[in-house]
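Colleague:
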Amino acid sequence: MSYITDLPYSEGYCPEQSPLSLAFVAWLNGVRGPDLSGAFTYCDLGCGQGTSLNAFAAALPEARFIGIDLSEAHIASARATATAAKLENVEYRCADLAELDLDTLPELQIVAAHGLYSWVPESCRSGVRRLIRARLCEGGLAYISTNAMPGWGPLMPLRDLMLSASSEGQGSAERASRGVALLKELREAGAALFKASRAAYNMVDQLLESDLSYVAHEFFNPSWKAFYFPEIVSELETCGLHFIGSQPLHMNEFSLTVPTQFHALFAASESRVESEVHRDFVRGETFRQDVFIKGAAASASVEDLASWRFGTTTRRSDLTKKKTFRHCEVELSSPVFAPLAGALSLGSGTPKELEELAPVLAEVPSEDRLDALLLLVFAGRAMPFARSSRVHRAPSGFQRCTMPLEYNRQQLARSLWTRPQVLLSSPVAGTGIELPFLDALVIEGLCQVGVSGFVEWAKATLAEKERGPKLLERGALEQLLAAFLAERLWPLVALELLSVS
Numbered sequence: 171m172s173y174i175t176d177l178p179y180s181e182g183y184c185p186e187q188s189p190l191s192l193a194f195v196a197w198l199n200g201v202r203g204p205d206l207s208g209a210f211t212y213c214d215l216g217c218g219q220g221t222s223l224n225a226f227a228a229a230l231p232e233a234r235f236i237g238i239d240l241s242e243a244h245i246a247s248a249r250a251t252a253t254a255a256k257l258e259n260v261e262y263r264c265a266d267l268a269e270l271d272l273d274t275l276p277e278l279q280i281v282a283a284h285g286l287y288s289w290v291p292e293s294c295r296s297g298v299r300r301l302i303r304a305r306l307c308e309g310g311l312a313y314i315s316t317n318a319m320p321g322w323g324p325l326m327p328l329r330d331l332m333l334s335a336s337s338e339g340q341g342s343a344e345r346a347s348r349g350v351a352l353l354k355e356l357r358e359a360g361a362a363l364f365k366a367s368r369a370a371y372n373m374v375d376q377l378l379e380s381d382l383s384y385v386a387h388e389f390f391n392p393s394w395k396a397f398y399f400p401e402i403v404s405e406l407e408t409c410g411l412h413f414i415g416s417q418p419l420h421m422n423e424f425s426l427t428v429p430t431q432f433h434a435l436f437a438a439s440e441s442r443v444e445s446e447v448h449r450d451f452v453r454g455e456t457f458r459q460d461v462f463i464k465g466a467a468a469s470a471s472v473e474d475l476a477s478w479r480f481g482t483t484t485r486r487s488d489l490t491k492k493k494t495f496r497h498c499e500v501e502l503s504s505p506v507f508a509p510l511a512g513a514l515s516l517g518s519g520t521p522k523e524l525e526e527l528a529p530v531l532a533e534v535p536s537e538d539r540l541d542a543l544l545l546l547v548f549a550g551r552a553m554p555f556a557r558s559s560r561v562h563r564a565p566s567g568f569q570r571c572t573m574p575l576e577y578n579r580q581q582l583a584r585s586l587w588t589r590p591q592v593l594l595s596s597p598v599a600g601t602g603i604e605l606p607f608l609d610a611l612v613i614e615g616l617c618q619v620g621v622s623g624f625v626e627w628a629k630a631t632l633a634e635k636e637r638g639p640k641l642l643e644r645g646a647l648e649q650l651l652a653a654f655l656a657e658r659l660w661p662l663v664a665l666e667l668l669s670v671s
């Protein structure tokens, strides 16, 4: 067995795989990625249950998406979701990448491999490189995530300990449960490893809180490798890839990702690869999400930003709150942020279109506007969008909401009561958007019974589901509905998640 197949991997959405976000990594690093304004083809290797891929397919109907996974259960689940959502631009294939017939694949503009490269044997990694060499177009992007050294150094013994607590004859869930139990027992008994390594001590807490499916797939696959960054660069150069940047987006700004006492070291680095190696040691990095381009990269300029569109899914009141990164805090309080946040709360668009929404921005030097916009992006308060939009507040008196996309209707039905967030898809943002439970609850009520019936519906439904006791307190649901109608409804309509009638 080259990979765990008796236990499906838990569903999870990876926003860093979003096509627009990957292309923006290229721009941030002075490189022009593939044109994503119309039709393109995206291939997800190790796609799991298709959680991310189906969301992207629903958001970008002109693009084609292909998911490949070794697990028949994963592929069946991904196909079922796509079929129920009536997605016609996504297909799934159950295949071993080491043996995949590449002649059946079209030319690809983006290849993604999230949670794959470190957890499969060399034959499969070679298959990934073979696919990229043969099918990724010149100027195409590849996203590869890996477990990273040196951060995994003190943690690798934990995997060996967990493996020692189980046998091959047991199921993956049982093996994971026994392994975590052993770590907990040894830590509580004062084993020296956990006294010597705070990282190992904390990892046990993370494992105790994790789904056994995650633990099994992360630690119990027969193949498992953590890479030093130069190893990854060298391996992927053999298939024509060149490193350009990383995810999340703020990882492309060194001042936000390393303590100030190391800034001089990074300024003196002779290459980007050297800088990345230094950062991995400074941060003790355990996981990397890297973006590569195939072949010679066309240069991007600041002027190219004029064609990018930006928007937000964040509440207006939260847009300019202080952002805390691992090694620094950033105040979003200079005079340029308020009008920029105001523009984003009114719609999405190019920098020029945002200026039209907040004319005072034209009085701010262009360099300051750019810096502020990028900081909002790095802080996760704004992001690249597929289309421009405007938030229009309709006259009062509407009664019901509907969800235009079948994908979103299906997601709300299957996730509202089973997950802390509901993953929806926005054609305006061009990607998936995770909504918290309270937003999803109001949306479900407005779609089911409308504004006038929401409170009574919510009381009955929450009581039946034994959820949200605080929401059943006097006036709580009325306040929730009023806040949603005032702050959230119309931005969600602009994102084409909802329509009103």
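Take our numbering: the last position of the sequence shown gets the number 671, and nothing is skipped along the way. No residue lacks a Cβ here, since even glycine has one placed at the ideal position from N, Cα and C.
Pick helix, strand or coil for residue 496, following the three-state DSSP scheme.
Modeller: coil
Colleague: I'd like to check one pair, residue 657 with residue 486: are the Cβ atoms closer than 8 angstroms?
Modeller: yes
Colleague: CB residue 669 to CB residue 574, shorter than 8 angstroms?
Modeller: yes
Colleague: Ignoring anything shorter than 4 residues, give me the alpha helix (DSSP H) runs that lie fully in the segment 512–569, in order along the chain.
Modeller: 521–527, 536–548
Colleague: Could you give the distance in angstroms between the alpha-carbon of residue 562 and the alpha-carbon of residue 664?
Modeller: Roughly 7 angstroms between the two C-alpha positions.
Colleague: Roughly how many angstroms separate the alpha carbons of residue 305 and residue 185, rounded to a whole number?
Modeller: 24 angstroms
Colleague: Measure the Cβ-Cβ separation of residue 608 and residue 592 and say whether it is below 8 angstroms.
Modeller: no
Colleague: Rounding to the nearest angstrom, what Cα-Cα distance links residue 399 and residue 415 in this structure?
Modeller: 12 angstroms
Colleague: In this structure, does DSSP put residue 294 in helix, strand or coil?
Modeller: helix
Colleague: Just reading off the beta strand (DSSP E) that residue 260 is part of, what are its end residues?
Modeller: 260–264
Colleague: May I ask you to report which of helix, strand or coil DSSP gives residue 685?
Modeller: Nothing in the structure corresponds to residue 685, since the chain is present only between 171 and 671.
Colleague: Would you say residue 301 and residue 216 are within 8 angstroms of each other, going by their C-beta atoms?
Modeller: no
Colleague: Whose CA, out of 368, 233, 447, lies closest to the CA of residue 401?
Modeller: 447
Colleague: Identify, in the order they occur along the chain, each residue of the same chain with its Cβ nearer than 8 angstroms to the Cβ of residue 642, setting aside the five sequence neighbours on each side.
Modeller: 629, 632, 633
Colleague: Taking C-beta to C-beta, are residue 210 and residue 279 nearer than 8 angstroms?
Modeller: At a Cβ-Cβ threshold of 8 angstroms, residue 210 and residue 279 count as neighbours.
Colleague: Residues in the same chain with beta-carbon distance under 7 angstroms from residue 646, minus the five sequence neighbours each way, listed in chain order, please.
Modeller: 640
Colleague: If you scan the segment 356–386 from start to end, which runs of the alpha helix (DSSP H) of 4 or more residues do you find wholly inside it?
Modeller: 362–366, 368–379
Colleague: Taking residue 353 and residue 332 to be in contact with their CB atoms under 8 angstroms, please state how far apart those CB atoms are, rounded to whole angstroms.
Modeller: 7 angstroms
Colleague: Who are the near neighbours of residue 489 in its chain, counting only those whose CB is closer than 6 angstroms to its CB and skipping five residues on each side?
Modeller: Contacts found: 511, 551.
Colleague: Using the Cα positions of residue 417 and residue 620, report the straight-line distance between them to the nearest angstrom.
Modeller: If I take the Cα positions, the gap works out to 40 angstroms.
Colleague: Within this structure, are the beta carbons of residue 317 and residue 342 separated by less than 8 angstroms?
Modeller: no
Colleague: Could you check if residue 219 is buried or exposed, using at least 16 other CB atoms within 10 Å of its CB as the buried criterion?
Modeller: buried
Colleague: Keeping to the same chain, check which residues put their C-beta closer than 7 angstroms to that of residue 513; ignore five residues upstream and five downstream.
Modeller: So the qualifying residues of the chain are 524, 527, 528, 531.
Colleague: Which of the three DSSP states, helix, strand or coil, is assigned to residue 637?
Modeller: coil
Colleague: Is the beta carbon of residue 255 less than 8 angstroms from the beta carbon of residue 224?
Modeller: Going by C-beta atoms, residue 255 is nearer than 8 angstroms to residue 224.
Colleague: Would you grab the beta carbon distance between residue 201 and residue 467 for me? Rounded to a whole angstrom, and I think it's under 8 angstroms.
Modeller: 4 angstroms
Colleague: In three-state DSSP terms, what is residue 414?
Modeller: The answer is strand: DSSP assigns residue 414 an E or B state.
Colleague: I need the boundaries of the beta strand (DSSP E) containing residue 459, first residue and last residue.
Modeller: 457–464
Colleague: Along the chain, where does the beta strand (DSSP E) that runs through residue 604 open and close?
Modeller: 601–606
Colleague: Going by beta-carbon coordinates alone, are residue 203 and residue 463 separated by less than 8 angstroms?
Modeller: Cβ atoms of residue 203 and residue 463: closer than 8 angstroms.
Colleague: Could you tell me whether the Cβ atoms of residue 370 and residue 411 are closer together than 8 angstroms?
Modeller: no
Colleague: Give me the Cα-Cα distance between residue 181 and residue 439, rounded to the nearest whole angstrom.
Modeller: Cα to Cα, residue 181 sits roughly 39 angstroms from residue 439.
Colleague: Have a look at residue 293 and residue 240 and give me their C-alpha separation to the nearest angstrom.
Modeller: 13 angstroms
Colleague: Given this structure, state the Cα-to-Cα distance separating residue 478 from residue 193, to the nearest angstrom.
Modeller: 10 angstroms
Colleague: Could you name the residues of the same chain whose beta carbon sits closer than 6 angstroms to that of residue 319, not counting the 5 residues immediately before and after it, in chain order?
Modeller: 396, 398
Colleague: Within its chain, find whatever has a CB closer than 6 angstroms to the CB of residue 265; leave out the 5 residues flanking it on each side and keep chain order.
Modeller: If we look at residue 265 and ignore the five residues flanking it on each side, its Cβ neighbours are 238.
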